[in-house]
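S.K.: Can you read through this structure? Questions will come right after.
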């Protein structure tokens, strides 16, 4: 008997990247498809039954070519990170997938959607609902799981609440904090997803999924604060309109702002799932909210144990509870007709006596000396033995944690600061031209980490723009 071929669309997302190992344990041949393929490869461990492919569902032809090769498809894609027009964007993606399903032997599609409240108007929720409607017009049976807040490290809605609790001495929230929900633990959600992959599809069906406890967001904050040993000081104010709240959220949390804004528009309604139907079909012990939160906080540092950080022991050692799961980031991109190899020959000289940091070297050296005020010591000048960069090399206070010649370099931030950071250089061949990108990633440690990030932001914007241009000139 041949193994079932399973395709996970949106594999680089929170649910997808954590579902893939579960599917592999079931003995499936799994393909993870995503636009952020480099991030997915860094997050998911290699496996003989796992294939990772780049796919942008906006590319209709590529979608038509890929989907017909599978027996089961998990549709975990959402367009919240796309921007303000994600409703039209998601609908377009759904139409492309529907066309591919109509010409495919796919037996079952499992679509992770969102609970639809009785009142309110949210583009995020409308997009989820309309996507399901479009998929159900295909010839393939569609099982739609409508979930609310998922409790687990990396879940955007949970991370918003977690960041608020860690990062603010007083939690200033919109009035929606008294709306109710019954959040579901990631472990329980995965159980339903796996069981559906085994089940024979019998037409289109919609299930709501939720946990055993129905609580207001205020009560959820209370549990979360208790678990991290912080007093609950919460002020709910009507002054935080949805638009103002979205800006406030972008400052306080590390969750990507587009995703945060989209989620925020839905949280002002009650999100209570009636999960009796799916619980009767696939019974399991539902994890109480407090236990789910405690489990998530215990495992929140697991993402450090991945190739995103080059499996660097120092990153794991320095990680502390309370660091933002999602990083703040700043960077710059520049295009050039120089070759990838020409650009790499310059990038690999970073920190050398000849090139320094390519631009504003005085500012780089000033920051190193400021370490004396953050509890660090006198700067140490270190250079790689060369001539090539290798993982483990030190460049002054930085450490090479990933080096994929000739297109990618990642350096671990080695100076003192309230958080954990890295600096990445990426060279991408676009055919007629090359694109070089420099990005700083910063996982803030609570309120101090946020203050540090915003204090450094003006310098980051100035320096990185100068660096990408200087690298191209020197190449």
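Numbering (the numbering used here), first residue to last: 604 to 1078.
Don't be surprised by glycine CBs; every beta carbon is placed ideally from N, CA and C.
All figures in this text were calculated on a predicted structure; none of them were measured in a lab.
1) Using a Cβ-Cβ cut-off of 8 angstroms (strictly less than) and excluding sequence neighbours within five positions of residue 768, which residues of its own chain qualify?
2) Could you tell me whether the Cβ atoms of residue 1166 and residue 698 are closer together than 8 angstroms?
3) Cα separation between residue 926 and residue 820?
4) How would you call residue 765, buried or exposed, if buried means at least 16 neighbouring beta carbons within 10 angstroms?
5) Residues in its own chain within less than 7 angstroms of residue 931 by CB, not counting five upstream and five downstream?
6) Is the separation between the beta-carbon of residue 612 and that of residue 709 shorter than 8 angstroms?
7) Residue 754: which of 788, 745 and 959 sits nearest, CA to CA?
8) Let's test the definition: count the other Cβ atoms within 10 Å of the Cβ of residue 646 and tell me whether it reaches 16, buried, or not, exposed.
9) Under the three-state reduction of DSSP, which class applies to residue 806: helix, strand or coil?
10) In terms of residue numbering, what span does the beta strand (DSSP E) encompassing residue 1046 cover?
11) Starting from the C-beta of residue 921, find all residues in its chain whose C-beta is less than 7 angstroms away, skip the five residues before and the five after it, and write them out in chain order.
12) Give me the Cβ distance between residue 749 and residue 676, rounded to the nearest whole Å; I'm assuming they're in contact under 8 angstroms.
13) From residue 685 to residue 717, what does the alpha carbon distance come to, in whole angstroms?
14) Just to confirm the assignment: which complete beta strand (DSSP E) runs, minimum length 3, are found wholly within the segment 870-948?
15) Please report the straight-line C-alpha distance between residue 972 and residue 961, rounded to a whole angstrom.
16) So, do the segment 938-947 and the segment 1031-1038 have three or more beta carbon pairs nearer to each other than 8 angstroms?
17) Use the C-beta contact count for residue 1146: other C-beta atoms within 10 angstroms, 16 or more gives buried, fewer gives exposed.
18) Between the alpha carbons of residue 662 and residue 610, how many angstroms are there, rounded?
19) How many Å lie between residue 883 and residue 785 at the Cα?
20) Could you please give the first and the last residue of the uninterrupted beta strand (DSSP E) stretch that includes residue 1026?
21) Name the residue from 999, 880 and 814 whose alpha carbon lies nearest to the alpha carbon of residue 988.
22) Which of helix, strand or coil does DSSP assign to residue 971?
23) Starting from the C-beta of residue 740, find all residues in its chain whose C-beta is less than 7 angstroms away, skip the five residues before and the five after it, and write them out in chain order.
24) Residue 959 by DSSP, collapsed to three states: which one?
25) Skipping 5 residues on each side, what residues in its chain have a beta carbon closer than 6 angstroms to that of residue 1027?
26) Suppose only complete runs of 4+ residues qualify. What are the alpha helix (DSSP H) ranges in the segment 695-772, listed by chain order?
27) Can you tell me whether DSSP reads residue 636 as helix, strand or coil?
28) Per DSSP, what are the beta-bridge partners of residue 787 in this structure?
29) Where does residue 837 fall in DSSP's three states?
M.R.: Inspection of the coordinates gives the following:
1) Excluding sequence positions up to five before and after residue 768, its CB lies within less than 8 angstroms of the CB of 774, 824, 827, 828, 831 and 833, all in the same chain and listed in chain order.
2) The structure shown does not extend to residue 1166, since the chain spans only 604 to 1078, so no value can be given for it.
3) 22 angstroms
4) buried
5) 857, 1045, 1047 and 1056
6) no
7) 788
8) It is buried - the Cβ of residue 646 has at least 16 other Cβ atoms within 10 Å.
9) coil
10) 1037-1047
11) 1023
12) Their Cβ separation, rounded to whole angstroms, is 18 angstroms, which puts residue 749 and residue 676 out of contact at 8 angstroms.
13) Here the model assigns residue 685 a pLDDT of 48, short of 50, so the residue's position is not dependable, and the following value carries that caveat. Cα-Cα distance, rounded: 18 angstroms.
14) 931-939
15) 19 angstroms
16) yes
17) Within the shown structure, residues of the chain are numbered from 604 to 1078, placing residue 1146 beyond reach of any answer.
18) Rounded to the nearest angstrom, the two C-alpha atoms are 17 angstroms apart.
19) Cα to Cα, residue 883 sits roughly 17 angstroms from residue 785.
20) 1022-1032
21) 999
22) helix
23) 701
24) strand
25) 1013 and 1042
26) 726-738 and 759-770
27) strand
28) DSSP lists 753 as partners of residue 787.
29) Strand at residue 837.
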